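Going down the list, the sequences are from chains A and B. For the first sequence, position 73 matches number 73 in UniProt numbering, and the numbering has no gaps at all. For the second sequence, position 134 matches number 134 in UniProt numbering, and the numbering has no gaps at all. Even glycine gets a Cβ: it sits at the ideal position worked out from N, Cα and C. From a predicted model like this one, the values you see are computed outputs, not experimental measurements.
There are 2 protein chains.
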Amino acid sequence: MEIICTYTYICVVKLEQAIQSTKFKSEVQKAGLNILYTAWWLKTVMSRELKEFGLTHEQYNVLRILKGKHPELMCVKDIACRMIEKNSNVPRIIDRLEIKKLVKRATSEADKRETVISLTQSGIAVLEASTKQLDAAYADTITICEADAASINELLEKIRENEN
Amino acid sequence: MEIICTYTYICVVKLEQAIQSTKFKSEVQKAGLNILYTAWWLKTVMSRELKEFGLTHEQYNVLRILKGKHPELMCVKDIACRMIEKNSNVPRIIDRLEIKKLVKRATSEADKRETVISLTQSGIAVLEASTKQLDAAYADTITICEADAASINELLEKIRENEN
DNA sequence: AACAAATACATGTATGTACATGTATTATAA
DNA sequence: TTATAATACATGTACATACATGTATTTGTT
């Protein structure tokens, strides 16, 4: 078992500190906890930056997904399948964005079951301003190199190999 | 930039499939999304197994933390600082465990502000049964080797280097 | 064409997250 | 010693998650 790990000490100490635990059954078990903790940390960093724009983490994601197709309209299910957390209740998130007048709802002409969503000018402005600030915060906070990031991507796909 | 990645194709395709997106600004940005998605996936696997025991993800974590010190009692803040998601509302989670008679509350003699929590016999039994099933499900689902897991642990610590 | 099934979304409930505030107790300071 | 601050927890609110169910519309079958 050959592990190249120049940060062994920091590794162990940091997750241990975070969850006050030293007893891990294995590196695999520890990796699970580490992924959960890191995800929580990322969301916290994100939420902190979004707060001044009156956006939550999930509301921002919906705006970002809409921007990806803009000016094309998207229906609710197309937004839902792009969400990171697959059980997100997209209609309800859209409710809140609609109240803030960042998006508009309409019934699809082609299929009246579908609700199509569009970004308003205000929605675009808020998204751009918050994205700018978020990117800056991430750049300050996450300083790993592209190669390390690529390794993470490879290893996480490997973990989800038996996704079902 | 030297990246050893034997799974490049699978990598790219899988996160793309999951969130229906191909436009990542960088490997670092993709890694962020990958961590969030993998965490969601892990929680989903966990919740599915816990369902038959009537436990949620967070309720299970509280039981597990209590077990770590058992038969010693723990106060609410000591549980809270061991939670993975640091903003968990531990008193409310304990409310639900108490209703199911898996834990008991009492006021600390030493400091009457503190509520001390103890596992009931029933709580221990449920925890052991659910842990057994959870471990089996994880063993089936997560098949990476210890060395890869160790690499993940190293890289995630590196991501959180500027934790604040 | 008429009925059954599937689809798209809205909505309801229990639980959890994130954060603010209230209350009792303990620690600190004037 | 009394007032003030800090601590520990409970509780309230808005939003999100997880899942079930309801309603309108479309599709598929006979």
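{"Check": "Would you give the residue range spanned by the alpha helix (DSSP H) that Ile-35 of chain A belongs to?", "Outcome": "27-50"}
{"Check": "Kindly list the residues whose CB is nearer than 8 Å to the CB of Arg-105 of chain B, restricted to its own chain and excluding five residues on each side of it in sequence; keep chain order.", "Outcome": "Ile-94, Glu-98, Thr-115, Val-116 and Ile-117"}
{"Check": "Tyr-60 of chain A touches chain B at which residues, Cβ-Cβ below 7 Å?", "Outcome": "Result: empty, since nearest Cβ-Cβ is about 12 Å, beyond 7 Å."}
{"Check": "Name the chain A residues whose beta carbon is nearer than 8 Å to that of Gly-32 of chain B?", "Outcome": "Leu-42, Tyr-138 and Ile-142"}
{"Check": "Which stretch, first to last residue, makes up the beta strand (DSSP E) that contains Leu-55 of chain A?", "Outcome": "Run containing Leu-55 of chain A: none; DSSP gives neither H nor E here."}
{"Check": "Taking C-alpha atoms, which residue in B:Glu-72, B:Lys-69 and B:Gln-59 lies nearest to Val-89 of chain B?", "Outcome": "For the record, residue 89 of chain B in the displayed sequence is Asn; it is not Val. Of B:Glu-72, B:Lys-69 and B:Gln-59, the residue nearest in Cα terms is B:Gln-59."}
{"Check": "8 Å is my cut-off, CB to CB: does Asn-89 of chain A come that close to chain B?", "Outcome": "no"}
{"Check": "Which residues mark the beginning and the end of the alpha helix (DSSP H) in which Arg-92 of chain A is found?", "Outcome": "90-99"}
{"Check": "Pull up the distance between the alpha-carbon of Asn-162 of chain B and that of Lys-77 of chain B, whole angstroms please.", "Outcome": "25 Å"}
{"Check": "Beta carbons nearer than 8 Å to chain B: which residues of the stretch 113-134 of chain A have them?", "Outcome": "none"}
{"Check": "Where do the N-terminal and C-terminal ends of the beta strand (DSSP E) with Ser-122 of chain B fall, by residue?", "Outcome": "Not the beta strand (DSSP E): Ser-122 of chain B falls in the alpha helix (DSSP H), residues 121-141."}
{"Check": "Give me, in chain order, the residues of the same chain whose beta-carbon lies closer than 6 Å to that of Ile-65 of chain A; leave out the 5 immediate sequence neighbours on both sides.", "Outcome": "Ile-79 and Arg-82"}
{"Check": "Compare the Cα-Cα distances from Leu-42 of chain A to each of B:Thr-44, B:Trp-40, B:Leu-36 and B:Val-45 and report the closest residue.", "Outcome": "B:Leu-36"}
{"Check": "Excluding the 5 residues flanking Val-45 of chain A on each side, which residues of the same chain have their C-beta closer than 6 Å to its C-beta?", "Outcome": "Thr-141"}
{"Check": "Applying the 10 Å Cβ sphere with the 16-neighbour rule, what's the burial state of Arg-160 of chain A?", "Outcome": "buried"}
{"Check": "Are the Cβ atoms of Leu-102 of chain A and Leu-63 of chain A separated by less than 8 Å?", "Outcome": "yes"}
{"Check": "Quick check: the Cα distance between Asn-87 of chain A and Arg-113 of chain A, rounded to an integer number of angstroms?", "Outcome": "20 Å"}
{"Check": "Does the stretch 23-33 of chain A come close enough to the stretch 149-157 of chain B to have 3 or more Cβ pairs within less than 8 Å?", "Outcome": "yes"}
{"Check": "Is Asp-111 of chain A close to the ligand SAH? I mean its beta-carbon at under 7 Å from any heavy atom of the ligand.", "Outcome": "This structure does not include the ligand SAH; it has no bound ligands of any sort."}
{"Check": "Would you check if the distance between the CB atom of Ala-137 of chain A and the CB atom of Glu-49 of chain A is smaller than 8 Å?", "Outcome": "yes"}
{"Check": "Please confirm whether Asp-148 of chain B and Lys-14 of chain A have their CB atoms less than 8 Å apart.", "Outcome": "no"}
{"Check": "Ala-106 of chain B bridges to which residues according to DSSP?", "Outcome": "B:Val-116"}
{"Check": "Apart from the five residues on each side of it in sequence, which residues of its chain come closer than 7 Å, Cβ to Cβ, to Ile-10 of chain B?", "Outcome": "At Ile-10 of chain B, the pLDDT of 32 sits below 50, so the modelled position is not reliable; the number obtained from the coordinates is stated separately. Hits under 7 Å: none found."}
{"Check": "Have a look at the DSSP bridge pairing and note the partners of Met-74 of chain B.", "Outcome": "B:Ile-117"}
{"Check": "Roughly how many angstroms separate the alpha carbons of Gly-54 of chain A and Val-126 of chain A, rounded to a whole number?", "Outcome": "9 Å"}
{"Check": "For Ile-84 of chain B, which residues from the same chain have a beta carbon less than 8 Å from its beta carbon, with the 5 sequence-adjacent residues on both sides left out?", "Outcome": "Asn-61"}
{"Check": "Which term fits Ala-39 of chain B, buried or exposed, when burial requires 16 or more other beta carbons within 10 angstroms of its beta carbon?", "Outcome": "buried"}
{"Check": "Could you list which residues in chain B have their beta carbon closer than 8 Å to that of Arg-82 of chain A, in chain order?", "Outcome": "Ile-19, Gln-20 and Ser-21"}
{"Check": "Can you tell me the Cβ-Cβ gap for Leu-119 of chain A and Lys-67 of chain A, rounded? I've got them flagged as a contact below 8 Å.", "Outcome": "7 Å"}
{"Check": "Step through the CB atoms of chain A and report whether any lies within less than 8 Å of the CB of Ile-94 of chain B.", "Outcome": "no"}
{"Check": "DSSP three-state label for Glu-85 of chain B, please.", "Outcome": "coil"}
{"Check": "Under the rule that 16 or more other beta-carbon atoms within 10 Å means buried, what is Ser-122 of chain A, buried or exposed?", "Outcome": "exposed"}
{"Check": "Taking Ala-110 of chain A as the reference, give the member of A:Cys-75, A:Ser-47 and A:Pro-71 with the closest Cα.", "Outcome": "A:Cys-75"}
{"Check": "From the DSSP output, in three-state form, read off Gln-17 of chain B for me.", "Outcome": "helix"}
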